[in-house]
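Numbering (this note's numbering), first residue to last: 5 to 540. Cβ atoms here follow ideal geometry from the backbone N, Cα and C, with glycine treated the same way. Encoded as structure tokens, the structure appears first; notes follow it.
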């Protein structure tokens, strides 16, 4: 008997990870990376969140059954017992597969506990999973917008409902719900979505994959090129214990999904046409076979692929064409480079089971900027993780800008994050005195030009900086692998220590390293600006 959990990697479009796990059990050939601190923290928060949810259901006055076998559950459901099943073991006879949802709840109990959720067509028993993530509804709120992991849960609950004899829709309980960027009132909504045949097909294909894997895994190879299409790495998935191995393989075989904005689905269509590498001259015409007018996406991909087919040029174009971009590069009067270090709240903001609204935590922890008049870096770091402290550093930063730079300030940054955080500042602290900001998003200009770099297939700042440094086009790069998520976890934990010890967070060595990391985020953009000056 197989477990539904065994299908997870295939459902999220990462079957290669199954092969790595299988082959490593026998030969221990490949490097399995340890989870990052952020991944560990996220796992613990997820476990705690689900545990609290289930504990509430179990502590209610209703009849509850935990970890029961399928025959017991089936008998109770046949008798229409008014009860709750916690982590029941369901069984799909045709697939010979077990599946364990987080809970099954009788309709009457559902209506009593979740009394602000109004659904007129509930089945007698509702089977669901508790999903520790924010989910987004589609435009008319008839479905949940897919991401890889969410689709796994959708398929899982689809199968559970099929076992129980329901075939219309599924329900997931999420940490937070959004519709058109608006946060919905949690107590009045659940994650309802409609079943479709694609879910059935995905499950059946996943079962066939597991059968083939168990039978042939030792005959398959990934070098010099994968034996079967499932062993090609999907580089749109950036996490997981086998990421480093997948990256090595992808670079060796010129994997298609390395290229910016080529999806797993498009890769599969290309494989069906016999196209397996980004080097293939037929690739772009087969991604966009019916295109009348060249899109920006195709233009960027074409330039990127062309750049990586040759070895003479390190960067293209030699000269920037956009007059607007040239003017921004030339005129750095009253300008800064800006970068934020931020945190996201891993806790649920509101609960189904009480009316408490969790206090907001600050989003901005460190504001780092370089004044381009004299190349001086200045950081504004919170002392503790509170909104009062956030307001203080925002105020001090604004005062510094007015005093040192002026009232009309040009901000150079990478991606939309800095603009989003300044919009947040203005909404959260509208009483503060803000200069007039002009935003120069270098990422946007890199794409619109487009600027392509030998060895780069995307527009992540770390990837760009690494290759520019390797080509000796800039002077600086980061000296370690710190990233924003790891920094965020460090800030959250050290803030607790700082409050307990009554000392500012900035005194901790770990936070000093993050401030240096923030400085390097700014410094590499200064380097990029200097490089761009030579391209006008």
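Looking at C-alpha atoms only, which residue of the options is the closest neighbour of residue i?
| i | options | result |
| --- | --- | --- |
| residue 18 | 439, 53, 238 | 238 |
| residue 445 | 333, 496, 90 | 333 |
| residue 494 | 513, 479, 478, 482 | 513 |
| residue 402 | 63, 379, 372, 82 | 372 |
| residue 172 | 199, 147, 179 | 199 |
| residue 427 | 398, 409, 450, 138 | 398 |
| residue 134 | 55, 271, 246, 120 | 55 |
| residue 31 | 287, 23, 187 | 23 |
| residue 259 | 507, 230, 191, 490 | 230 |
| residue 155 | 11, 82, 264 | 11 |
| residue 101 | 47, 188, 109, 207 | 207 |
| residue 525 | 202, 484, 503, 502 | 484 |
| residue 3 | 400, 450, 338 | Only positions 5 to 540 of the chain appear in the structure, and residue 3 is not among them; the question remains open. |
| residue 283 | 503, 520, 307 | 307 |
| residue 43 | 66, 243, 143, 175 | 243 |
| residue 326 | 448, 183, 128 | 448 |
| residue 7 | 160, 107, 83, 63 | 160 |
| residue 34 | 225, 212, 126 | 225 |
| residue 1 | 482, 80, 348, 157 | Look at the range of the chain in this structure, 5 to 540, and you will see that residue 1 is not part of it. |
| residue 376 | 185, 533, 63 | 533 |
| residue 112 | 477, 146, 489, 67 | 67 |
| residue 364 | 123, 374, 349 | 349 |
| residue 150 | 202, 478, 75, 131 | 202 |
| residue 412 | 108, 146, 88, 437 | 437 |
| residue 312 | 272, 262, 271, 269 | 262 |
| residue 9 | 79, 105, 60, 28 | 105 |
| residue 335 | 314, 288, 269, 442 | 442 |
| residue 196 | 144, 246, 368, 223 | 144 |
| residue 378 | 341, 384, 400 | 341 |
| residue 370 | 220, 343, 328 | 343 |
| residue 519 | 472, 506, 374 | 374 |
Could you check where the beta strand (DSSP E) with residue i kicks off and where it finishes?
| i | result |
| --- | --- |
| residue 38 | Note, residue 38: premise wrong, no beta strand (DSSP E); not H, not E. |
| residue 419 | No beta strand (DSSP E) contains residue 419, which DSSP labels as neither H nor E. |
| residue 87 | 87-90 |
| residue 182 | 173-183 |
Rounded to whole angstroms, how far is the Cβ of residue i from the Cβ of residue j, which I believe are closer than 8 Å?
| i | j | result |
| --- | --- | --- |
| residue 26 | residue 235 | Actually they are not in contact, since the Cβ atoms of residue 26 and residue 235 sit about 11 Å apart, beyond 8 Å. |
| residue 531 | residue 474 | At roughly 13 Å, the Cβ-Cβ gap does not stay under 8 Å, so residue 531 and residue 474 are not in contact. |
| residue 455 | residue 330 | No, residue 455 and residue 330 are not in contact; Cβ-Cβ is about 13 Å, not under 8 Å. |
| residue 366 | residue 405 | That belief does not hold up - the Cβ atoms of residue 366 and residue 405 are roughly 19 Å apart, past 8 Å. |
| residue 193 | residue 121 | 7 Å |
| residue 529 | residue 416 | 6 Å |
| residue 99 | residue 211 | 6 Å |
| residue 394 | residue 491 | Not a contact, Cβ separation roughly 16 Å. |
| residue 460 | residue 453 | Not a contact, Cβ separation roughly 14 Å. |
| residue 51 | residue 87 | Rounded, the Cβ-Cβ distance is 25 Å, inconsistent with contact. |
| residue 390 | residue 509 | Actually they are not in contact, since the Cβ atoms of residue 390 and residue 509 sit about 11 Å apart, beyond 8 Å. |
Please report the residue range of the alpha helix (DSSP H) in which residue i lies.
| i | result |
| --- | --- |
| residue 441 | That residue, residue 441, is in no alpha helix (DSSP H); its beta strand (DSSP E) goes 440-445. |
| residue 493 | 488-505 |
| residue 198 | Residue 198 -> not in any alpha helix (DSSP H); beta strand (DSSP E) instead, spanning 195-198. |
| residue 513 | 513-537 |
| residue 24 | 19-31 |
| residue 469 | 465-474 |
| residue 276 | 268-276 |
| residue 166 | 152-168 |
| residue 12 | 12-15 |
Quick check on residue i - is its C-beta less than 8 Å from some C-beta in chain D?
| i | result |
| --- | --- |
| residue 78 | Within the model displayed, chain D is absent; a lone protein chain is all it includes. |
Exercise. Run through the region 373-410 for me and flag every whole alpha helix (DSSP H) of 4 or more residues, listed as ranges in chain order.
Key: 391-408
Quiz item: Any chance the region 263-279 sits against the region 417-426, with 3 or more Cβ pairs inside 8 Å?
Solution: no
Quiz item: Counting Cβ pairs closer than 8 Å, one from the region 179-194 and one from the region 129-149, do we hit at least three?
Solution: yes
Quiz item: Would you say the region 161-175 touches the region 87-96, given that touching needs at least three Cβ pairs under 8 Å?
Solution: yes
Quiz item: Would you say the region 486-501 touches the region 433-450, given that touching needs at least three Cβ pairs under 8 Å?
Solution: no
Quiz item: Could you give the uninterrupted runs of the beta strand (DSSP E) lying entirely in the region 46-131, keeping only those of 3 residues or more?
Solution: 67-70, 87-90, 94-96, 101-103, 107-110
Quiz item: Hey, is the region 352-366 in contact with the region 532-540, meaning 3+ C-beta pairs nearer than 8 Å?
Solution: no
Quiz item: Which runs of the alpha helix (DSSP H) fall wholly inside the region 285-357 and span at least 4 residues, in chain order?
Solution: 287-291, 300-313, 327-334
Quiz prompt | Secondary structure, alpha helix (DSSP H): runs of 4+ residues fully inside the region 199-265 | solution = 201-220, 247-257
Quiz item: Taking contact to mean at least 3 C-beta pairs separated by less than 8 Å, is the region 46-62 in contact with the region 241-257?
Solution: no
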